[in-house]
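Position 131 of the sequence shown, counted from 1, bears residue number 127 in our numbering, the numbering being contiguous throughout.
Backbone N, C-alpha and C fix where the C-beta goes; we use that ideal spot for every residue, glycine too.
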Amino acid sequence: MLANLTFGNMRSSGTPLILVPGLFGTKENWIRVGKELSQRLGCMVFAVENRNHGGSSMAPSMTYPEMADDLVGFIDWVRKITGEEQVNLHGHSMGGKTVTQLATTPEYAPRIKNLIVEDMSPLGYPLKRAEYLDCIKHMIATDMNKTRSEVMAELGEKVSKVLLYQFVRGNLGEDVNGKAQWTCNLNVIDETYIYLLSHDIRFGVFDGPTLFQRASGSGFLPAAHKARVEKMFPMVKFAETAWSNHWIHADDPKFFVDSICDFLEPADELGQLGRKAMI
């Protein structure tokens, strides 16, 4: 089963919410927003880790259908322990494409009550994000016979500050001897990165309520992809923030939490979306 953190308890009522991170995301990334979402929605919130990350299983591959299957197993466990027939499902970046894959698979879709996708398109991207691939290569090439702080300092001279904190820090631990070690399967991530970036999910429809959260300047949910999103998710709404990069939950947590709460429990017909605009 996927490693996870839980916010709330079995006395919480309402449809449980599952948060699925992107590449190099960890369950700890969601602590702040997970707690707030659980309190405001009055439900249990589960933050998971994808295969080849953290406490989840290490595997020789990580395709989107495989990760969707992993997630279905976790959803069924949540349904069992909560007694709820459906879950609300959120995914960021790679996790966003994974939940898109799951939601548009007919035998999986009935498990989902509401779908939320954070700054990710179901379509692939031109292979132009070389800085991410370079970061992975630097991580693989790093001499790990050092302390965690030494590795952070070394990589800080080679990769951007954003990637240092979003990719590196959460996946760098220490062994019992104080030596740095990666907590993710870097080799498999390196082998599959181009696939993860470029893969298209072009077919299938999810008819349930759907929210796409968009960071206007990130480029991960281009305006040109809107027509495809609307075709695959006919009940879709869009919420946009200009105050965030790709990691909305970290850069603009107020928008992140407010837009989800307004979507799941709208205060009025359109919701009070605050510092954002409906597209």
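Out of curiosity, what's the CA-to-CA distance linking residue i and residue j?
i	j	result
proline 308	alanine 105	Limits of the chain in this structure are -3 at one end and 275 at the other, which puts residue 308 out of reach.
lysine 4	proline 230	It is glycine, not lysine, that sits at residue 4 in the sequence shown. Going by the C-alpha atoms only, they are around 32 Å apart.
leucine 182	lysine 31	30 Å
serine 212	asparagine 173	44 Å
lysine 250	threonine 237	10 Å
arginine 224	methionine 140	44 Å
phenylalanine 216	lysine 222	12 Å
isoleucine 244	phenylalanine 234	14 Å
isoleucine 190	arginine 36	38 Å
aspartate 66	leucine 85	14 Å
glycine 169	cysteine 180	10 Å
leucine 192	arginine 7	38 Å
valine 68	histidine 195	20 Å
phenylalanine 259	leucine 129	35 Å
glutamate 261	glycine 204	15 Å
asparagine 48	glutamate 226	32 Å
threonine 22	tryptophan 73	20 Å
serine 255	leucine 33	11 Å
proline 102	glutamate 187	29 Å
alanine 263	threonine 96	Bear in mind that the predicted position of alanine 263 carries a pLDDT of just 39, short of 50, making it too unreliable to give a figure here.
glycine 51	valine 232	33 Å
valine 164	methionine 148	8 Å
alanine 273	proline 61	Any reading at alanine 273 must be qualified, since the residue scores a pLDDT of 44, below 50, and its modelled position is unreliable; the value itself is stated next. If I take the Cα positions, the gap works out to 32 Å.
Taking the beta strand (DSSP E) that residue i belongs to, which residues open and close that run?
i	result
lysine 109	108 to 114
glutamine 162	Here glutamine 162 belongs to no beta strand (DSSP E), and DSSP marks it neither H nor E.
Within this structure, are the beta carbons of residue i and residue j separated by less than 8 Å?
i	j	result
asparagine 46	glycine 91	yes
isoleucine 120	phenylalanine 20	One point to set straight first is that residue 120 is glycine, not isoleucine, in the sequence displayed. Contact: no.
valine 44	isoleucine 14	yes
phenylalanine 42	leucine 111	no
methionine 54	threonine 94	no
phenylalanine 70	leucine 1	no
histidine 134	valine 16	no
proline 56	valine 158	no
leucine 151	threonine 138	yes
glutamate 127	serine 156	yes
According to DSSP, what are the bridge partners of residue i?
i	result
lysine 250	DSSP lists no partner for lysine 250.
arginine 7	DSSP, once it has assigned bridges, lists no residue as partnering arginine 7.
leucine 67	Paired residue(s): none; leucine 67 is not in a bridge.
tryptophan 178	Leu168
glutamine 209	Glu114 and Ala235
isoleucine 14	Phe42 and Leu85
Among the options, which residue has its Cα nearest to the Cα of residue i?
i	options	result
glutamate 24	Gly38, Ser89 and Gln162	Gln162
threonine 11	Leu168, Gln82 and Met135	Gln82
phenylalanine 199	Ala99, Ile27 and Leu15	Ala99
serine 9	Met40, Leu15, Arg28 and Ala(-1)	Met40
isoleucine 136	Asp254, His88, Trp178 and Thr59	Trp178
methionine 228	Val113, Gly50 and Ile71	Val113
aspartate 248	Arg210, Leu260 and Ala219	Arg210
glutamate 80	His134, Ser53 and Lys109	Lys109
isoleucine 287	Val16, His242 and Thr59	Here the chain comprises residues numbered -3 to 275, so residue 287 is not present and cannot be evaluated.
glycine 218	Pro122, Arg107 and Glu103	Strictly speaking, residue 218 in this sequence is proline, with glycine absent from that position. It is Pro122 whose Cα lies nearest to the Cα of proline 218.
glutamate 153	Leu207, Lys142, His242 and Cys131	Cys131
leucine 207	Pro102, Gly50, Cys257 and Gly18	Cys257
alanine 220	Met116, Ser156, Pro61 and Val253	Met116
Could you check whether the Cβ of residue i sits closer than 7 Å to any heavy atom belonging to the ligand ADP?
i	result
histidine 195	In the structure on display, the ligand ADP does not appear, and there are no ligands present to speak of.
Flag residue i as yes if its beta-carbon sits less than 8 Å from any beta-carbon of chain B, otherwise no.
i	result
phenylalanine 208	In the structure shown, chain B cannot be found, because there is only a single protein chain.
At which residues does the alpha helix (DSSP H) containing residue i begin and terminate?
i	result
valine 225	222 to 228
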